[in-house]
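Numbering (full-length UniProt numbering), first residue to last: 1 to 95.
Glycine is no exception: its CB is placed at the ideal position from the N, C-alpha and C atoms.
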Amino acid sequence: MMCAAYVINRLPLSPNNMKTPYELMFGEKPSVKHFKVFGSICYVHVPDSRRGKLDAKAKKCIFIGYDERKKGWKCMDPITHNFVVWWWRYKLARI
1 MMCAAYVINR LPLSPNNMKT PYELMFGEKP SVKHFKVFGS ICYVHVPDSR RGKLDAKAKK
61 CIFIGYDERK KGWKCMDPIT HNFVVWWWRY KLARI
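Put into structure tokens, the structure is as follows:
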């Protein structure tokens, strides 16, 4: 639900002269470069400190939304069901 609200707030609305709610609040057009498809497979980087020499550098996760507190993607590990927040500076798999 939060992911849907995040996307809707960045879509233009006809009653507001085709301006987005984000644009009305902050006075600038929102960037949509970071949008990803909900439920898509992504690969999250595992830092050197959390992996061994022969371990994989990324783990397969599922994109579940955007973080509310900071710029980042929320991903879920389907094996452990742990949630991970990944920041913009790292790229998720391209769709």
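Sequence-distant residues of its chain with Cβ nearer than 7 Å to residue i (five each side left out)
i          : result
residue 39 : 62 and 63
residue 30 : 10, 20, 22 and 23
Same chain only: Cβ atoms within 8 Å of residue i, ignoring 5 sequence neighbours per side
i          : result
residue 58 : 43, 44, 45 and 46
residue 76 : 61, 62, 64, 82, 83 and 84
residue 14 : none
C-beta atoms of residue i and residue j nearer than 8 Å
i          : j          : result
residue 60 : residue 67 : no
Sequence-distant residues of the same chain with beta carbon closer than 6 Å to residue i, five excluded per side
i          : result
residue 25 : none
residue 90 : Residue confidence is low: residue 90 scores 48 on pLDDT, short of 50, so the model does not pin down where it sits. Its coordinate-derived value is still stated next. Contacts found: 45.
Exposure label - residue i; buried when at least 16 CB within 10 Å
i          : result
residue 20 : buried
Where the alpha helix (DSSP H) containing residue i begins and where it ends
i          : result
residue 25 : 21 to 26
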